[in-house]
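All residue numbers for the sequence shown refer to my numbering, where the first residue is 2 and numbers rise by one. Note that the Cβ used here is the ideal one computed from N, Cα and C, for glycine as well. Every value quoted in this text rests on a predicted model; they were computed, and no experiment measured them. For reference, the structure is listed below as structure tokens.
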Amino acid sequence: MLDPLRSAVERAYLRYLHRRVETVPTHVAVIQDGNRRYARERGGDAPDGHRAGANTTERVLDWCADLGVSELTLYAFSTENFERPDDELEPLFDLLEGKLLEFADADRVHDQGVQVRAIGDVDRLPPRVRDAVDYAERRTADNDRFTLNVALAYGGRTELLDAARGVAREVAEDDLDPAEVDVETVERRLYDRPIRDVDLIVRTGGDERTSNFLPWHANGNEAAVYFCTPYWPEFSEVDFMRAIRTYQAREASWRRARAERAAALVRAVAEVELAEAGRVARRLRGRLPRSDLDAVAEELPDRTAVADSEAVQSATNAGVDADAESEPAG
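This is the structure we're talking about:
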């Protein structure tokens, strides 16, 4: 009886979370942590955990598609993972190969318009995995509604170093003017095709760190980060929607900060304009008839009412009236 009741409560809570969605991140990046710990706690081996995690990956794709996320990047295999023992690496390579081939031919992948791309030092992977990457990229190349980036043999610091070396080499060979180096120059050397800035990073498994993941596109964009305790195979739609709420809270905070900065800027500009208006009014004093001065006073509030209109209008009128009252009697 408890399980059906719990399921009903979770469904109701999910409906509540979906109704609360106001802004959706364009690009979500996920650090899929906890596969091996999940398997060990259940008496299995690391490959069992990776296979269970692969099922979660498929569900997350569906959640992203339903919500309207445009790009998803999965941290599938880092450069540090090469240090794991062979009896763990070989099954993991088998799983990567099989899932890439499966994704490439899956009807739902094509129905959802998913384009699969690999990022990272793919040349370090075994030939069978590289062949699967090539097949998945070719097979989904024409899909354009959703982008799935699979980070393989990936290290963010290495990517940045390689880009920096490429820029330095071209500058040394006089193929690139240092003054022309900009954001686009670096991004063209990071990946073969552009990647959107990351809006939200999700990490499962309980660790609160981003592990060298997409530093250019996430840190540079001040991405929201959601850490949660479930292992990747246990990651649920409720966890995913909580991550979306974290992103929304960050966006709301940004909007408030931007609005406050804009209001402060407008107030500062208005104060400068009012001071200038007062100086102009003083210069006009004695040179224009009162009727013309009244006309000038009527125009000033309209030009300075972009911010706090009442305060600006009051200050403007006060400045002009003071000058008018000090006008010498005719």
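Checklist line | DSSP-derived helix/strand/coil call for Ile245 | finding: Against the sequence shown, residue 245 aligns to sequence position 244. Correct three-state label for Ile245: helix.
* To do: Measure the alpha-carbon distance for Ala219 versus His28 and round it to whole angstroms.
  => Taking the sequence shown and counting its residues from 1, one reaches residue 219 at position 218. Taking the sequence shown and counting its residues from 1, one reaches residue 28 at position 27. For Ala219 and His28, the distance between alpha carbons rounds to 10 Å.
- Query: On the premise that Leu15 lies in contact with Val239, defined as a C-beta separation below 8 Å, what is that separation, rounded to the nearest angstrom?
  - Reply: By one-based count along the sequence shown, residue 239 stands at place 238. By one-based count along the sequence shown, residue 15 stands at place 14. At roughly 6 Å, the Cβ-Cβ gap stays under 8 Å, so Val239 and Leu15 are in contact.
Spatial neighbours of Arg131 in its chain, beta-carbon cut-off 8 Å, leaving aside the 5 residues before and after: Translated into the one-based positions of the sequence shown, residue 131 becomes position 130. Hits under 8 Å: Val123 and Asp124.
Quiz item: Would you report the Cα separation of Val307 and Asp200, rounded to the nearest angstrom?
Solution: Here residue 307 corresponds to residue number 306 of the sequence shown, with the count starting at 1. Here residue 200 corresponds to residue number 199 of the sequence shown, with the count starting at 1. Residue placement at Val307 is flagged as unreliable, the pLDDT there being 43, under the threshold of 50; the coordinate-derived value follows with that caveat. Between Val307 and Asp200, the C-alpha separation is close to 31 Å.
Could you work out which residue in Ala40, Asp175 and Met242 is closest to Glu11 when comparing CA atoms only? Translated into the one-based positions of the sequence shown, residue 11 becomes position 10. Of Ala40, Asp175 and Met242, the residue nearest in Cα terms is Met242.
Q. Below 8 Å, can you find three or more Cβ-Cβ pairs linking the stretch 140-150 to the stretch 115-122?
A. yes
- request: Figure out for me which residue from Asp178, Pro216, Glu235 and Ala225 has the closest Cα to the Cα of Thr205.
  value: Position 204 of the sequence shown, counted from the first residue, corresponds to residue 205. Residue Glu235 is the option with its Cα nearest to Thr205.
Next on the checklist: Given the structure, does Glu91 come close to the ligand FMN, in the sense that its CB is under 8 Å from one of the ligand's heavy atoms?
Outcome noted: You won't find the ligand FMN in this model; it holds no ligand whatsoever.
With respect to the beta strand (DSSP E) encompassing Glu59, which residues constitute its N-terminal and C-terminal limits?
The sequence position of residue 59 within the sequence shown is 58, counting from 1. Note, Glu59: premise wrong, no beta strand (DSSP E); alpha helix (DSSP H) at Ala47 to Leu68.
Tell whether a beta-carbon distance below 9 Å holds between Leu153 and Leu97. As a working mapping, residue 153 is identified with position 152 in the sequence shown. As a working mapping, residue 97 is identified with position 96 in the sequence shown. Yes, Cβ-Cβ distance for Leu153 and Leu97 is below 9 Å.
Practice item. Helix, strand or coil for Leu102, going by three-state DSSP, please let me know. Key: The count along the sequence shown starts at 1 and reaches residue 102 at position 101. Helix at Leu102.
Using a 10 Å radius around the Cβ and a threshold of 16 neighbouring Cβ atoms, would you call Ala224 buried or exposed?
On the sequence shown, position 223 is the one that residue 224 refers to. By the neighbour-count rule (16 or more Cβ atoms within 10 Å), Ala224 is buried.
Supposed contact pair Val184 and Val177 - C-beta distance, whole angstroms, cut 8 Å: Walking along the sequence shown from the start, residue 177 turns up at place 176. Walking along the sequence shown from the start, residue 184 turns up at place 183. According to the sequence shown, residue 177 is Leu rather than Val. That pair is no contact at about 14 Å.
- Task: Taking Glu209 as the reference, give the member of Arg7, Val22, Gly35 and Glu23 with the closest Cα.
- Result: Along the sequence shown, read from residue 1 onward, the residue named residue 209 stands at position 208. Among Arg7, Val22, Gly35 and Glu23, the Cα nearest to that of Glu209 is on Gly35.
At which residue ranges does the stretch 125-179 contain complete beta strand (DSSP E) runs of 3 or more residues, listed in the order of the chain?
147-155
- Item | Sub-9 Å separation of Val110 and Val70 beta-carbons | Taking the sequence shown and counting its residues from 1, one reaches residue 110 at position 109. Taking the sequence shown and counting its residues from 1, one reaches residue 70 at position 69. Contact: no.
Spatial neighbours of Leu332 in its chain, beta-carbon cut-off 7 Å, leaving aside the 5 residues before and after: For the chain, the structure presents residues 2 to 331; residue 332 sits outside this window and is missing.
* Reducing DSSP to helix, strand and coil, say where Ser8 ends up. => Numbered from 1 along the sequence shown, position 7 holds the residue referred to as residue 8. DSSP places Ser8 in helix when its eight states are reduced to three.
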